Amino acid sequence: MANICKIIIIASMILMSCSSKQQEIDQAIAQLGTLQCKAVTMKEERFALFEQIRTLESDTVNNIRTIDSLKGYAESLKSESLVIADSLNNALSRTFETIVTTDKDKAYFNTKMNALVEKCKSKGG
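Following our numbering, the numbering of the sequence shown begins with 2 at its first residue and continues without gaps.
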């Protein structure tokens with residue numbers, strides 16, 4: 002009988018230790034599961050962030066190309082504008098020296114020129 006009690010006690014201890022071991026494993030799984038879920042979530046966020054960064058970099062490269070192209074066009078327009086401004090200035094000087102010589106001529110010229118400029122502005126060039 003004493004042996005049976007010993008066997009029952011040992012069996013109970015084994016069962017309790019198995020059950021205790023399972024509880025420890027379950028707790029470890031719960032803790033690791035939380036960390037694993039957090040790691041997966043962070044990985045997904047990280048990939049989404051890097052994708053967003055790649056998109057922005059791509060857009061930035063495209064924007065830089067567009068900006069460079071526009072800068073080139075702006076420089077071309079600037080050069081052309083300066084040439085036209087010089088030509089216009091020379092033509093105005095000659096006109097005021099030879100044709101528009103009186104105050105009445107200047108008033109008439111300015112009125113007509115301003116009307117022409119306004120017409121150009123309203124047409125968009």
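Glycine residues also receive a C-beta, built at the ideal position from the N, C-alpha and C atoms.
A quick note: this is a predicted structure, and the numbers were derived from the prediction, not measured.
Here DSSP, grouped into helix, strand and coil, assigns Val-101 to coil. In this structure, Val-101 and Phe-110 form a Cβ contact; the two beta carbons are roughly 5 Å apart against a cut-off of 8 Å.
A straight line joining the alpha-carbon of Gln-28 with that of Phe-51 spans about 34 Å.
The C-alpha of Ser-123 is placed about 28 Å away from the C-alpha of Ser-70. A direct Cα-Cα distance of roughly 11 Å separates Phe-97 from Asn-90. Rounded to whole angstroms, Ser-82 and Ile-54 show a C-alpha spacing of 40 Å. It is roughly 12 Å from the alpha-carbon of Ala-40 to the alpha-carbon of Phe-48.
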